[in-house]
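For reference, the structure is listed below as structure tokens.
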Amino acid sequence: MATTEPTRKPHDMGGDPAGPVDTHEHTPTLVERRIDAMMQLLRQKPRAFWVTDENRRTIESLTPETYRDSSYYQKWCLAMRSLLVEKGVLTDAEIQTKFEEVKARHSVQVEGPSKRQSKPKAKSSMKSKSAPRKKKGTSP
Amino acid sequence: MSARFKTGDCVIVRTDNPAGHVRTPTYLRGKRGVILREFGPWPNPEQLAYGKPGWPRKTNYWVQFAMDEVWGGSGAYAKGDTVVAEIYEHWLEPDTARRSES
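As they're listed, the protein sequences go chains A and B. For the first sequence, the positions run 1 to 140 when this note's numbering is used. For the second sequence, the positions run 1001 to 1102 when this note's numbering is used.
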């Protein structure tokens, strides 16, 4: 059974010491609901860029540190990002560029009341994509 | 395709350790269990995980394990507790040392 150790991935944690599990429910935050909606849109047929098993495979491939330190929906975000690149929907450079754009927009918003722009759906989904990384805890 | 096992059959989980996405947790590999229910053939998730169609399909089962078998008597569980896991057929071998418990 010692042979099972080398490729054991971070999600495969059955039997590891973990302490008590917090099983309390919580109301989904706005960010969590956005991420959930994005995932559903990306996986909606006939578009369906990937299936749940691909999502799982991607999350299991996170480093043990990232896996441990990321919340459930942060893991979804990381998976979405890497699958969007893997499937050729977006390039890493495009995502980076959008990140910078959103970051800049946020620093502008600090000065005045938020300027709400109605943008096409695809773009607004990119906006919320960065939310869990940069603006955690802003939702109710 | 017909199912290799039926409810009540004694099985052993394979100790394979393949790279890539698998649905069989490490803590159950090599453990002896009993088929609780058979769910028929499903696209193989180990193939679906890589964008493939998942052929050939694999029969999925609920397999029940005694907690003592899984954890060897150490752990916070009550006597007689069991754990049930979904395991695909290619991860199971017949447990020839035991008779069917049906």
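Cβ coordinates follow ideal geometry from the N, Cα and C atoms, glycine included.
Proximity test, Cβ basis, 8 Å: residue i and chain A
i: residue 1021 of chain B; result: yes
i: residue 1053 of chain B; result: no
i: residue 1036 of chain B; result: no
i: residue 1082 of chain B; result: no
i: residue 1060 of chain B; result: no
i: residue 1027 of chain B; result: yes
Separation of residue j from residue i, as counted between CA atoms
i: residue 1051 of chain B; j: residue 1008 of chain B; result: 34 Å
i: residue 46 of chain A; j: residue 17 of chain A; result: 42 Å
i: residue 1074 of chain B; j: residue 1068 of chain B; result: 8 Å
i: residue 85 of chain A; j: residue 1049 of chain B; result: 16 Å
i: residue 54 of chain A; j: residue 9 of chain A; result: 15 Å
i: residue 1036 of chain B; j: residue 19 of chain A; result: 30 Å
i: residue 81 of chain A; j: residue 65 of chain A; result: 18 Å
i: residue 1098 of chain B; j: residue 1010 of chain B; result: 6 Å
i: residue 39 of chain A; j: residue 76 of chain A; result: 8 Å
i: residue 1088 of chain B; j: residue 92 of chain A; result: 36 Å
i: residue 99 of chain A; j: residue 1020 of chain B; result: 31 Å
i: residue 122 of chain A; j: residue 1017 of chain B; result: Bear in mind that the predicted position of residue 122 of chain A carries a pLDDT of just 45, short of 50, making it too unreliable to give a figure here.
Sequence-distant residues of the same chain with beta carbon closer than 6 Å to residue i, five excluded per side
i: residue 1039 of chain B; result: 1060
Interface residues of chain B facing residue i [CB-CB closer than 7 Å]
i: residue 51 of chain A; result: 1048
Cutoff 8 Å: residue i Cβ touching any chain B Cβ
i: residue 22 of chain A; result: no
i: residue 56 of chain A; result: yes
In DSSP terms, what residue i is bridged to
i: residue 1033 of chain B; result: B:1011
i: residue 1064 of chain B; result: B:1034, B:1084
i: residue 1092 of chain B; result: B:1013
i: residue 171 of chain A; result: Missing from the structure shown is residue 171 of chain A; chain A here goes from 1 to 140 and no further.
i: residue 1055 of chain B; result: Answer by DSSP bridge pairing: none, since residue 1055 of chain B is not bridged.
8 Å CB neighbourhood of residue i in its chain, flanking five on each side removed
i: residue 982 of chain B; result: Here chain B has residues from 1001 to 1102 only, and residue 982 of chain B is not among them.
i: residue 1053 of chain B; result: 1043, 1047
i: residue 1057 of chain B; result: 1001, 1041, 1042, 1043, 1044
Proximal chain A residues relative to residue i, where beta-carbon distance stays under 9 Å
i: residue 1041 of chain B; result: Simply none; closest approach about 16 Å.
Residues that residue i contacts on chain A, provided the C-beta gap is smaller than 8 Å
i: residue 1077 of chain B; result: Residues of chain A passing the Cβ test: none, with the nearest at roughly 12 Å.
Within chain A, partners of residue i - CB distance below 7 Å
i: residue 1056 of chain B; result: Near residue 1056 of chain B there are no residues of chain A at all, since even the closest Cβ is about 16 Å away, more than 7 Å.
i: residue 1045 of chain B; result: 53
Residues that residue i contacts on chain B, provided the C-beta gap is smaller than 8 Å
i: residue 63 of chain A; result: Under the 8 Å cutoff, chain B gives no residues; its nearest Cβ is about 16 Å from residue 63 of chain A.
Beta-carbon proximity list for residue i, same chain, < 7 Å, skipping 5 on both sides
i: residue 1091 of chain B; result: 1013, 1014, 1024
i: residue 32 of chain A; result: 73
i: residue 118 of chain A; result: Low per-residue confidence applies at residue 118 of chain A: pLDDT is 49, beneath 50, and the placement is therefore not dependable, though the value from the model is reported in the following sentence. Nothing listed; no residue qualifies.
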